[in-house]
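For reference, the structure is listed below as structure tokens.
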Amino acid sequence: CRWAACKACNEKEERIKARPAPRPGCGRFTTCQLRRHCTKSDVWLAAHGVVYDATEILEEHPGGVRSILRHAGQDCTEDFDFHSKAARGLWKDLKIGTLVHCPKDGGDSRCAIM
708 CRWAACKACN
718 EKEERIKARP
728 APRPGCGRFT
738 TCQLRRHCTK
748 SDVWLAAHGV
758 VYDATEILEE
768 HPGGVRSILR
778 HAGQDCTEDF
788 DFHSKAARGL
798 WKDLKIGTLV
808 HCPKDGGDSR
818 CAIM
């Protein structure tokens, strides 16, 4: 959910933080978790079911900060595919995991996973 004061989401985040860190690029994130990372200081994007942390390259993107922020916390597969193969290859180092769809994503804003 996008509500920062959501008790259920904050408790879920604390449980996730308490887990041992997964190998880089091996995390599993729900669509509702992805949506929470949509600020200039914390930018996650998804494309083709892969989740990327774009925070560190935000200022370096040739299209500018706005081009990434407008898709922050969302699936941006169509925009990702617009880039050249070489440009898409640069994202492999930003991979943090895969996207899994929350069963409650169809209307209820509370995530049922974790």
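If you want this note's numbering, it's the 1-based position in the sequence shown plus 707. Heads up, the beta-carbon is just placed ideally off N, CA and C, and yes, glycines get one too. Quick caveat, the model's predicted, so the values are computed rather than measured.
If I'm right that residue i touches residue j with Cβ under 8 Å, what's the distance once you round it to whole angstroms?
i           : j           : result
residue 776 : residue 750 : 7 Å
residue 801 : residue 760 : 6 Å
residue 809 : residue 739 : 5 Å
residue 736 : residue 804 : 5 Å
residue 778 : residue 752 : 6 Å
residue 754 : residue 789 : Contact doesn't hold; Cβ gap of about 11 Å is too wide.
Looking at the strands, I want to know which residues DSSP matches up with residue i.
i           : result
residue 762 : DSSP lists no partner for residue 762.
residue 741 : DSSP, once it has assigned bridges, lists no residue as partnering residue 741.
residue 734 : 804
With respect to the alpha helix (DSSP H) encompassing residue i, which residues constitute its N-terminal and C-terminal limits?
i           : result
residue 654 : Lying before the first or after the last residue shown, residue 654 is absent from the chain, which here runs from 708 to 821.
residue 792 : 792–796
residue 774 : 772–776
Which first and last residues belong to the beta strand (DSSP E) in which residue i is found?
i           : result
residue 806 : 802–807
residue 754 : 749–754
message = Using a Cβ distance threshold of 8 Å, determine whether the stretch 713–720 contacts the stretch 783–802, with at least three qualifying pairs required.
response = no
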